[in-house]
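Remarks on the structure that follows.
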Amino acid sequence: MAGRKKAYSALAKQNLRELKALAEQLEDFKLFKALCDKDLTESQTIEALWNTYKELAEGDKTEVSTDKRANLTSRYRENRKRWKQLAQWEKKDTDSKYADFYKEERQMLEWYLTESLKDIYTELAS
8 MAGRKKAYSA LAKQNLRELK ALAEQLEDFK LFKALCDKDL TESQTIEALW NTYKELAEGD
68 KTEVSTDKRA NLTSRYRENR KRWKQLAQWE KKDTDSKYAD FYKEERQMLE WYLTESLKDI
128 YTELAS
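So for the sequence shown, the numbering used here puts the first residue at 8; every next one is plus one.
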């Protein structure tokens with residue numbers, strides 16, 4: 008379990024570096040600011056990335072699942088809602104048997120967010 012947690016956070020950090028390079032390449036100031044603003048906490052940076060993803064996903068009916076049940080908009084809404092819920096639970100519940108699970112799932116969703124944005128911006132750059 009600890010290996011996966013570390014892997015998700017490490018993968019997300021790698022994606023953030025790649026997103027920064029893509030933001031520079033595409034001259035996307037809003038994304039670059041979200042990634043590089045030193046005044047933002049880690050949580051605020053992730054929140055800014057969710058907002059960026061929202062702008063890209065809203066109204067987009069691109070299918071993102073093999074069973075055709077999810078599109079970019081619905082996947083964004085579900086994952087952001089879950090991320091917020093997990094972040095709240097993680098702050099409130101620090102000593103139960105579920106505390107580590109909340110953190111791990113939140114990190115997985117942050118990795119998914121950065122991976123999705125990286126895919127979108129890579130496509131835009133090509």
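Every residue gets a Cβ at the ideal spot worked out from N, C-alpha and C, and that includes glycine.
If you're wondering where the values come from, they're calculated on a predicted model, not measured in any experiment.
Counting only the Cα atoms, residue 69 lies some 34 Å from residue 45. Residue pairing by DSSP puts residue 78 in a beta bridge opposite 70. Measuring C-alpha to C-alpha distances from residue 113 to each of 29, 57 and 30 identifies 57 as the nearest.
If you ignore the 5 residues before and after residue 47, its C-beta comes within less than 7 Å of the C-beta of 55, all in its own chain and listed in chain order. Residue 107: member of the alpha helix (DSSP H) spanning 106 to 132, first to last residue. Excluding residues up to 5 positions away in sequence, 29 lie with their Cβ nearer than 6 Å to the Cβ of residue 128 in the same chain. Bounds of the alpha helix (DSSP H) holding residue 62 are 49 to 64. No Cβ-Cβ contact shorter than 9 Å links residue 21 with residue 132.
Counting only residues of its own chain and dropping the five nearest sequence neighbours on each side, residue 25 has a CB closer than 7 Å to the CB of 125. Here the alpha carbons of residue 42 and residue 34 stand approximately 13 Å from one another. Around the beta carbon of residue 59, 16 or more other beta carbons lie within 10 angstroms, which makes this residue buried.
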